[in-house]
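Participant: For the sequence shown, the working numbering gives the first residue as 7, with consecutive numbering after it.
Quick reminder that beta carbons are idealized off the backbone N, C-alpha and C, glycines included.
Input: one structure, supplied below.
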Amino acid sequence: MHLTWEFPPYKVGGIGTVLEDLTRSQLSQGIEPVVITCGFEGKVGYENRDGVHVYRFDADYIPAEDFHSWALQMSMLMQNKASEVMNEHKNIDIIHAHDWLVATAAVGVKHMYRIPLVSTIHALESGRYGGISGDRQELIHSLEKKLAYESWKIVCNSEFMKRSISYSLSIPHDKIDVIPNGVNIDKMRADFDHGAEKAKYALPHESIVFYVGRLVWEKGIDILVGAIPSILEKQPDAKFVFAGCGYMTDRLKKQAYDLGVADKVLFLGFVDDETLKRLLNISDVMVVPSRYEPFGITAVEAMSCGLPVVVADTGGLAETISHDIDGIKVWPESSNSLAWGICRILGDHNLAASLSENAYKKIEKQYNWSSISTRLKSVYDNVSKEYSANDWKPSVSVSQDG
């Protein structure tokens, strides 16, 4: 049973997309996935989503003064819904929690039903903000530690994250397994009029430099905006298209205006999956300038579309990309280095083609969901085997009626 606060059609970051593809792939492994998640705009209750059992509870009107308070109350409602579903699906044998927002629910259900908990930690609060300071960050950090401590096994998506979890949450290395995120290559293919689609964003002669992600500090989008003047000096036909929302939106627009490049930057806000897929297929280069990036699913998605990528040499991105082979790596937090990498691709079509071809081959071989879900099933099987040999079992049956 997966516990997650976001699941399609409601997506905020990359967790929703990852879980959608993972659960579909798990069906082919003989696993019957159950997902407990938030429901918004009145869309609550049960949905059979291509064989995946999805249960949504009402998360629209949770009274809270801020997001952190909302998350704690949401997790309690999730625990209630999970308990209902546990009594309906008697064959659920593992809880799989995704990040700190569901920690309270996951730990509660684990002890209520005495079944093992596996957690995927997609990112850490200390990484998002470069440390822990203030009560709210301390709260999230404590929930991360609680979730990690209570988990039978922890899954993360890169060796970088494994080291970070072990250090930040005081977890032994052998409790953590590294399994990367994947991408559904077939889903990324698109059949449409490229010229007409490009005309929505740029002139025919312009090259599209694309970014998709949250407009927040950790994603380093301000570093990319800072690189635009240098890029335009060498590549005056570049057009910058940014998809995503975040608290830095107004600041970034002002930064572009102050640099005199506002007419070359297009802020799209949130885009749906179909629009994103088309943008990935019409762009000339994808940029991931993150300060902190546990994995970098957007880079993998771009590579699956044959789109050359320029990434900051940090976190999981450093592991995903092989420099000058299937992408370009640049110095983190350096607008000059970022401009250099982008100009290399825009100015050398042969290099761009070579990077694209090699990137696609890598994704096809290493980041397909079939192999990833097989590795995760092995984690489940090992946990179940250890659990079976353990005395930690329910002493009485638990039901909602008493």
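From what residue to what residue does the beta strand (DSSP E) around R55 run?
Facilitator: 51-55
Participant: Smallest Cα separation from K168: which of D330, E325, V317?
Facilitator: Put simply, of D330, E325, V317 the residue whose alpha carbon is nearest the alpha carbon of K168 is E325.
Participant: Identify, in the order they occur along the chain, each residue of the same chain with its Cβ nearer than 6 Å to the Cβ of P295, setting aside the five sequence neighbours on each side.
Facilitator: Cβ neighbours of P295 beyond the five flanking positions: G226, I229, L230, A318, L344.
Participant: Tell me which same chain residues have a C-beta within less than 6 Å of the C-beta of N364, skipping the five on either side of it?
Facilitator: I331, D332
Participant: Does the pairing of the segment 212-227 with the segment 181-201 give three or more beta-carbon distances under 8 Å?
Facilitator: no
Participant: Under the DSSP definition of a beta bridge, which residues are partnered with F246?
Facilitator: Its beta-bridge partners are V215, V271.
Participant: Taking the CB atoms as reference points, tell me whether V108 and L9 lie closer together than 8 Å.
Facilitator: yes
Participant: Where does K368 fall in DSSP's three states?
Facilitator: Three-state result, K368: helix.
Participant: How do the segment 98-115 and the segment 73-87 stand: do at least 3 beta-carbon pairs fall below 8 Å, yes or no?
Facilitator: yes
Participant: So who's on the other strand from A103, going by DSSP bridges?
Facilitator: L9, S125
Participant: In angstroms with no decimal places, state the Cα-to-Cα distance between P14 and Y135.
Facilitator: 27 Å
Participant: For a quick check, are the C-beta atoms of I327 and I351 less than 8 Å apart?
Facilitator: In this structure, I351 does not lie closer than 8 Å to I327 by Cβ.
Participant: Spatial neighbours of V402 within its chain, please: CB distance less than 7 Å, with the 5 preceding and 5 following residues excluded, ordered by chain position.
Facilitator: Low local confidence applies: a pLDDT of 49 at V402 is under 50, so the model's placement there is unreliable, with the coordinate-based value given in what follows. Around V402: no qualifying Cβ.
Participant: Go ahead and label Q32 buried or exposed: buried means 16 or more other beta carbons lie within 10 angstroms of its beta carbon, across all protein chains shown.
Facilitator: buried
Participant: Excluding the 5 residues flanking F301 on each side, which residues of the same chain have their C-beta closer than 6 Å to its C-beta?
Facilitator: N163, S164, N187, G322
Participant: Any idea what DSSP makes of T23, helix, strand or coil?
Facilitator: If DSSP states are grouped into helix, strand and coil, T23 belongs with the helices.
Participant: Does the contact criterion of 3 or more C-beta pairs under 8 Å hold for the segment 231-250 versus the segment 308-318?
Facilitator: A contact is defined here as three or more CB-CB pairs under 8 Å, and the segment 231-250 fails this definition with respect to the segment 308-318.
Participant: Return the chain-ordered list of same chain residues with a C-beta closer than 6 Å to the C-beta of V60, the five sequence neighbours on each side being excluded.
Facilitator: V41, E53
Participant: Would you kindly check if the distance between the Cβ of A244 and the Cβ of E425 is under 8 Å?
Facilitator: For the chain, the structure presents residues 7 to 408; residue 425 sits outside this window and is missing.
Participant: In its own chain, which residues sit with a C-beta less than 8 Å from the C-beta of L265, not counting the 5 before and 5 after it?
Facilitator: V231, G232, I234, P235
Participant: Apply the 10 Å Cβ neighbour rule to H102 and answer buried if 16 or more other Cβ atoms are within range, or exposed otherwise.
Facilitator: buried
Participant: For the alpha helix (DSSP H) that A112 lies in, which residues bound it at each end?
Facilitator: It spans 109-119 - the alpha helix (DSSP H) in which A112 sits, taken as one unbroken run.
Participant: Which residue from V115, E131, A262 puts its Cα closest to that of L83?
Facilitator: V115
Participant: To the nearest angstrom, report how far apart D199 and L274 are at their CA atoms.
Facilitator: Roughly 20 Å separates the two Cα atoms.
Participant: When the Cα atoms are used, what is the spatial distance from S394 to S89?
Facilitator: 22 Å
Participant: Considering only the beta carbon of each residue, do Y173 and P400 sit closer than 8 Å?
Facilitator: no
Participant: Are the beta-carbon atoms of G347 and Q241 separated by less than 8 Å?
Facilitator: no
Participant: Is T320 near the ligand GTP, with its Cβ less than 7 Å from a heavy atom?
Facilitator: For the structure depicted, the ligand GTP is absent and the ligand set is empty, with no information on it obtainable.
Participant: For V267, which option in P122, F246, F276, L285 has the closest C-alpha, if you only look at C-alpha atoms?
Facilitator: F246
Participant: Answer yes or no: do R142 and W223 have a C-beta to C-beta separation smaller than 8 Å?
Facilitator: no
Participant: On the criterion of 16 or more Cβ atoms from any shown chain inside 10 Å, does Q406 qualify as buried, or is it exposed?
Facilitator: A caution first: Q406 carries a pLDDT of 46, below 50, which makes its placement in the model too unreliable to give a value.
Participant: With a 10 Å radius around its C-beta and 16 neighbouring C-beta atoms as the bar for buried, classify S289 as buried or exposed.
Facilitator: buried
Participant: Whose C-beta lies closer than 6 Å to the C-beta of S341 among residues of the same chain, with five residues either side of it excluded?
Facilitator: I229, G232, A233
Participant: In terms of residue numbering, what span does the beta strand (DSSP E) encompassing H59 cover?
Facilitator: 58-64
Participant: Exposed or buried, which one is E26 when buried takes at least 16 other CB atoms within 10 Å?
Facilitator: Counting the other CB atoms within 10 Å of its CB gives E26 a total of 16 or more, which places it among the buried residues.
Participant: Would you mind reading off the limits of the beta strand (DSSP E) that contains G321?
Facilitator: Premise fails: G321 is in no beta strand (DSSP E) and is neither H nor E.
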